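Notes for the one structure printed next.
2 protein chains.
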Amino acid sequence: MGREPNGQDRTTAVKEHDAPSSEPLRTKKREKAGDQDGKISGKALGRTVEAFMRLPGIGRKSAERLAFAVLGMPREEAAGIAQAILDLKNSSRYCLVCNNITEEEICGVCRDEKRDRTVICVVEEPSNILVLEKTGTFRGQYHALLGALSPLDGVGPEDLKIDGLMQRLKAGGVIEVIIATNPTVKGETTAMYLAKLIKPLGISVSRIAYGLPVGGDIEYADENTVQRALQGRREM
Amino acid sequence: MGREPNGQDRTTAVKEHDAPSSEPLRTKKREKAGDQDGKISGKALGRTVEAFMRLPGIGRKSAERLAFAVLGMPREEAAGIAQAILDLKNSSRYCLVCNNITEEEICGVCRDEKRDRTVICVVEEPSNILVLEKTGTFRGQYHALLGALSPLDGVGPEDLKIDGLMQRLKAGGVIEVIIATNPTVKGETTAMYLAKLIKPLGISVSRIAYGLPVGGDIEYADENTVQRALQGRREM
Numbered sequence: 001m002g003r004e005p006n007g008q009d010r011t012t013a014v015k016e017h018d019a020p021s022s023e024p025l026r027t028k029k030r031e032k033a034g035d036q037d038g039k040i041s042g043k044a045l046g047r048t049v050e051a052f053m054r055l056p057g058i059g060r061k062s063a064e065r066l067a068f069a070v071l072g073m074p075r076e077e078a079a080g081i082a083q084a085i086l087d088l089k090n091s092s093r094y095c096l097v098c099n100n101i102t103e104e105e106i107c108g109v110c111r112d113e114k115r116d117r118t119v120i121c122v123v124e125e126p127s128n129i130l131v132l133e134k135t136g137t138f139r140g141q142y143h144a145l146l147g148a149l150s151p152l153d154g155v156g157p158e159d160l161k162i163d164g165l166m167q168r169l170k171a172g173g174v175i176e177v178i179i180a181t182n183p184t185v186k187g188e189t190t191a192m193y194l195a196k197l198i199k200p201l202g203i204s205v206s207r208i209a210y211g212l213p214v215g216g217d218i219e220y221a222d223e224n225t226v227q228r229a230l231q232g233r234r235e236m
Numbered sequence: 237m238g239r240e241p242n243g244q245d246r247t248t249a250v251k252e253h254d255a256p257s258s259e260p261l262r263t264k265k266r267e268k269a270g271d272q273d274g275k276i277s278g279k280a281l282g283r284t285v286e287a288f289m290r291l292p293g294i295g296r297k298s299a300e301r302l303a304f305a306v307l308g309m310p311r312e313e314a315a316g317i318a319q320a321i322l323d324l325k326n327s328s329r330y331c332l333v334c335n336n337i338t339e340e341e342i343c344g345v346c347r348d349e350k351r352d353r354t355v356i357c358v359v360e361e362p363s364n365i366l367v368l369e370k371t372g373t374f375r376g377q378y379h380a381l382l383g384a385l386s387p388l389d390g391v392g393p394e395d396l397k398i399d400g401l402m403q404r405l406k407a408g409g410v411i412e413v414i415i416a417t418n419p420t421v422k423g424e425t426t427a428m429y430l431a432k433l434i435k436p437l438g439i440s441v442s443r444i445a446y447g448l449p450v451g452g453d454i455e456y457a458d459e460n461t462v463q464r465a466l467q468g469r470r471e472m
């Protein structure tokens, strides 16, 4: 299994996401909420509401609920949350082999001798590895690209961790690559690009299935999904 | 406006909620999630997932999403969240007059000279004050009881901040008390108890209205709510 020679930016801190374009508006909203809440329930509370609103999916109401929950916690527990956030930023890095999040040079999955080294599952983000691991069905290795191809946003192959993947494949031993990028235009583009690159190496390339989500209602599925579910039908 | 003579426990830190009875089970679940995630994506991430799961309404999946969001934040922003949590616990206290959350002796609402001092709105928790303030319709004072009567849980009148309320009322100047405790059995019990206590002082006591939530569908409302909405009907 080859390491990337050009691993310079991997040993540094985890990549920070660019602020989305709506950031100035969101900042304004946050500051307003923090100010208003601060006037009513103290500045410390207002600042905490503002801080929590920086997290994805946390609006003003949730942020207020969380802030009051922290207020009602034992001091050590609240301090524990604060410390965990600091530690996370300070000690997490990308695995030198697969770009998973880890505190060591090589992540737990890559170090695990019992895992199948003949299959690599390619994902967009390290967080996807967590999702796949929780199914408990995949026992191979992973490779996180740290993004997906998006020509419109100026994200090309050189912006993804594709070199490292190719080196791992060229080092030999891998017989199948499962591409588990997102079921989106970007993810699909990336999957097709990778398939074209990997197939000439004589390695089998597969794509995870599209279809109806388990527990979903066919009535609410969009046409594309239903079409894919039909195409992907399997004999029972 | 009288201050509470027995204000000793108010100048100390904000009351910490007792752990609910399901706490051992929740702790186990949190630790398991933290361990599993820690094995896959590093211990720092596992600990942060565990920490976020301590917050209300944050399950494992949300905690993981938040942890990866923190990981993708600029370092100062993550540190800001951690600091806000610490500051909140260290500098927030109860207002000596109304038990709102504040960083001063007396909260911003109580200090505001422009507010109507003839009306006091009684709520269970300081967080309720934030909700009422956001409506922008109430310009009087507040009083947070820091709980509600619950004989089954052993919570009696002496466990609530009722003494302080009565002293404010006896000091004179208040002509109406609006009871805005929760529309639950506990809140209702508390409302009735307070009404009995306050009415002899010659002060008008009102209860916030029960009815259909705005934007709700009558089809999905429970019978009790519909019954209350009918009883509370107003001429158009």
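Here the protein sequences come in this chain order: A and B. Just so you know, we're using our numbering here: the first sequence kicks off at 1 and counts up by one. Just so you know, we're using our numbering here: the second sequence kicks off at 237 and counts up by one. Where a beta carbon is used, it is the ideal one built from N, C-alpha and C, also for glycine. Note that this is a predicted model, so its numbers are computed, not measured.
Inset, instruction - Would you tell me roughly how many angstroms separate the C-alpha atoms of VAL413 (chain B) and ALA407 (chain B), rounded to the nearest one? - result: Counting from one through the second sequence, the residue named residue 413 (chain B) turns up at place 177. Counting from one through the second sequence, the residue named residue 407 (chain B) turns up at place 171. Each residue's Cα considered, the two are about 14 angstroms apart.
Inset, instruction - Indicate whether the contact test is met: 3 or more Cβ pairs, each with one atom in the stretch 29-36 of chain A and one in the stretch 49-64 of chain A, closer than 8 angstroms. - result: Counting Cβ pairs under 8 angstroms, three or more are found: they touch.
Legend entry - CB contact check: GLU39 (chain A) to chain B, cutoff 7 angstroms: Numbered from its first residue, the first sequence carries residue 39 (chain A) at position 39. According to the sequence shown, residue 39 (chain A) is Lys rather than Glu. Yes, LYS39 (chain A) counts as interfacial toward chain B.
Inset, instruction - Could you tell me the distance, in whole angstroms, from the CA atom of VAL123 (chain A) to the CA atom of ARG469 (chain B)? - result: Here the question's residue 123 (chain A) lines up with position 123 in the first sequence. Here the question's residue 469 (chain B) lines up with position 233 in the second sequence. Distance from the CA atom of VAL123 (chain A) to the CA atom of ARG469 (chain B), rounded to whole angstroms, is 58 angstroms.
Legend entry - DSSP-derived helix/strand/coil call for ILE120 (chain A): Here residue 120 (chain A) corresponds to residue number 120 of the first sequence, with the count starting at 1. Look at ILE120 (chain A) here: in three-state DSSP terms it is strand.
Inset, instruction - On a CA-only basis, which of B:LEU430, B:THR354, B:GLU312, B:ILE444 is nearest GLY409 (chain B)? Give me that one, please. - result: For the purposes of this step, residue 409 (chain B) is taken as residue 173 along the second sequence, with counting starting at 1. That would be B:THR354, whose Cα lies nearest to the Cα of GLY409 (chain B).
Inset, instruction - Using 10 angstroms around the beta-carbon of GLY344 (chain B), count the other beta-carbons present and answer buried if the total reaches 16, otherwise exposed. - result: On the second sequence, position 108 is the one that residue 344 (chain B) refers to. A residue is called buried once 16 or more other Cβ atoms fall within 10 Å of its Cβ, and GLY344 (chain B) is buried on that count.
Inset, instruction - Could you say which of A:LYS199, A:THR137, A:ALA144 lies nearest to ASN100 (chain A) if we only look at CA atoms? - result: What you label residue 100 (chain A) is simply residue 100 of the first sequence in a count that begins at 1. Measuring C-alpha to C-alpha distances from ASN100 (chain A) to each of A:LYS199, A:THR137, A:ALA144 identifies A:ALA144 as the nearest.
Legend entry - chain B contact for VAL122 (chain A) (CB, 7 angstroms cutoff): Locating residue 122 (chain A) in the first sequence gives position 122, where the first residue counts as 1. VAL122 (chain A) does not count as touching chain B.
Legend entry - Euclidean distance between Cα positions of GLU351 (chain B) and LEU368 (chain B): Within the second sequence, numbered from 1, the residue matching residue 351 (chain B) stands at position 115. Within the second sequence, numbered from 1, the residue matching residue 368 (chain B) stands at position 132. It should be noted that the sequence gives Arg, not Glu, for residue 351 (chain B). It is roughly 14 angstroms from the alpha-carbon of ARG351 (chain B) to the alpha-carbon of LEU368 (chain B).
Inset, instruction - Go through the stretch 154-231 of chain A residue by residue and report every complete run of the beta strand (DSSP E) that reaches 3 residues or more, in order. - result: Along the length of the stretch 154-231 of chain A, whole beta strand (DSSP E) runs at least 3 residues long occupy 176-179, 204-207, reported in chain order.
Inset, instruction - Taking only beta carbons into account, state which residues of the stretch 78-89 of chain A come closer than 8 angstroms to chain B, listed in chain order. - result: Within the stretch 78-89 of chain A, the residues whose Cβ lies closer than 8 angstroms to some Cβ of chain B are ALA78, ALA79, GLY80, ILE81, ALA82, GLN83, ALA84, ILE85, LEU86, ASP87, LEU88, LYS89, listed in chain order.
Legend entry - Own chain, CB closer than 8 angstroms to ALA197 (chain A), minus 5 neighbours either side, in chain order: One-based indexing of the first sequence puts residue 197 (chain A) at position 197. Here the sequence assigns Leu to residue 197 (chain A), which means Ala is not the residue at that position. Closer than 8 angstroms at the Cβ level, and outside the excluded window around LEU197 (chain A), lie ILE162, MET166.
Legend entry - 7 angstroms Cβ cutoff, VAL250 (chain B) in contact with chain A: If you number the second sequence from 1, residue 250 (chain B) lands on position 14. So yes, VAL250 (chain B) belongs to the interface.
Legend entry - Own chain, CB closer than 6 angstroms to GLY274 (chain B), minus 5 neighbours either side, in chain order: The count along the second sequence starts at 1 and reaches residue 274 (chain B) at position 38. Excluding sequence neighbours, GLY274 (chain B) sits near GLY282.
Inset, instruction - Starting from ALA69 (chain A), find everything on chain B with Cβ-Cβ shorter than 7 angstroms and list it in chain order. - result: Position 69 of the first sequence, counted from the first residue, corresponds to residue 69 (chain A). Residues of chain B whose Cβ lies closer than 7 angstroms to the Cβ of ALA69 (chain A) are, in chain order, LEU291, PRO292.
Inset, instruction - Determine the direct distance from the alpha carbon of ALA195 (chain A) to that of GLY202 (chain A), and round the result to whole angstroms. - result: Your numbering for residue 202 (chain A) matches position 202 in the first sequence. Your numbering for residue 195 (chain A) matches position 195 in the first sequence. Computed Cα separation, rounded: 11 angstroms.
Inset, instruction - Starting from ALA84 (chain A), trace the alpha helix (DSSP H) both ways and give me its first and last residue. - result: Position 84 of the first sequence, counting from 1, holds the residue named residue 84 (chain A). Unbroken alpha helix (DSSP H) run through ALA84 (chain A): 75-91.
Legend entry - Sheet register partners of GLN377 (chain B) (DSSP bridge): Position 141 of the second sequence holds residue 377 (chain B). Residue pairing from DSSP places GLN377 (chain B) in a beta bridge opposite B:ILE356.
Inset, instruction - Give the DSSP-derived three-state secondary structure of ILE101 (chain A) in the structure shown. - result: If you number the first sequence from 1, residue 101 (chain A) lands on position 101. It is a strand residue.
Legend entry - Per-residue DSSP class, three states only, for GLU235 (chain A): Against the first sequence, residue 235 (chain A) aligns to sequence position 235. Coil.
Legend entry - Supposed contact pair LYS89 (chain A) and ARG223 (chain B) - C-beta distance, whole angstroms, cut 8 angstroms: In this structure chain B extends from 237 to 472, so residue 223 (chain B) is not present and cannot be described.
Legend entry - Interface residues of the stretch 101-112 of chain A facing chain B [CB-CB below 8 angstroms]: Those residues of the stretch 101-112 of chain A that come within reach of chain B (Cβ to Cβ, closer than 8 angstroms) are ILE101, THR102, GLU103, GLU104, CYS107, GLY108, VAL109.
Inset, instruction - Quick one: using the 10 Å Cβ neighbour count with 16 as the cut-off for buried, is ALA209 (chain A) buried or exposed? - result: Numbered from its first residue, the first sequence carries residue 209 (chain A) at position 209. Around the Cβ of ALA209 (chain A), a 10 Å sphere holds fewer than 16 other Cβ atoms; the residue is exposed.
Inset, instruction - Report yes or no: is there a C-beta of chain A within less than 7 angstroms of the C-beta of THR263 (chain B)? - result: Within the second sequence, the letter at position 27 stands for residue 263 (chain B). For THR263 (chain B), not one C-beta of chain A is nearer than 7 angstroms to its own C-beta.
Legend entry - Cutoff 7 angstroms: GLN467 (chain B) Cβ touching any chain A Cβ: Sequence index remark: in the second sequence, residue 467 (chain B) carries index 231 (1-based). Using a Cβ-Cβ cut-off of 7 angstroms, GLN467 (chain B) does not count as an interface residue toward chain A, since no Cβ of chain A sits closer than that to its own.
Inset, instruction - Enumerate in chain order the residues of its own chain whose CB-to-CB distance from GLU455 (chain B) is below 8 angstroms, with the five nearest sequence positions on each side excluded. - result: Residue mapping note: residue 455 (chain B) aligns to position 219 of the second sequence, counting from 1. None.
Inset, instruction - Between the Cα of GLY59 (chain A) and those of A:ARG26, A:PRO200, A:VAL70, spot the shortest distance and give me the residue it belongs to. - result: Taking the first sequence and counting its residues from 1, one reaches residue 59 (chain A) at position 59. Taking only the C-alpha atoms, the option nearest GLY59 (chain A) is A:ARG26.
Inset, instruction - Return the residues of the stretch 370-391 of chain B that lie within a Cβ-Cβ distance of less than 8 angstroms from chain A, sorted by chain order. - result: Cβ contacts with chain A come from LYS370.
Inset, instruction - Kindly list, in the order they appear in chain A, the residues whose Cβ is closer than 7 angstroms to that of THR284 (chain B). - result: Translated into the one-based positions of the second sequence, residue 284 (chain B) becomes position 48. Near THR284 (chain B) (Cβ distances below 7 angstroms), the residues of chain A are ALA84, ILE85, LEU88.
Inset, instruction - State yes or no: is the beta carbon of GLY278 (chain B) nearer than 7 angstroms to at least one beta carbon in chain A? - result: Indexing the second sequence from 1 puts residue 278 (chain B) at position 42. Yes - at least one Cβ of chain A is within 7 angstroms of the one on GLY278 (chain B).
Legend entry - Interface partners of LEU66 (chain A) on chain B, CB under 7 angstroms: On the first sequence, residue 66 (chain A) is found 66 positions in, with the first residue counted as 1. Here the neighbours are LEU291.
Inset, instruction - Return the chain-ordered list of same chain residues with a C-beta closer than 7 angstroms to the C-beta of PRO419 (chain B), the five sequence neighbours on each side being excluded. - result: For the purposes of this step, residue 419 (chain B) is identified with residue 183 of the second sequence, where counting begins at 1. By the criterion of a C-beta distance shorter than 7 angstroms, PRO419 (chain B) is surrounded in its chain by TYR446, once the five residues flanking it on both sides are discounted.
Inset, instruction - Please confirm if SER91 (chain A) has its CB atom under 7 angstroms from at least one CB of chain B. - result: What you label residue 91 (chain A) is simply residue 91 of the first sequence in a count that begins at 1. Chain B has a Cβ within less than 7 angstroms of the Cβ of SER91 (chain A).
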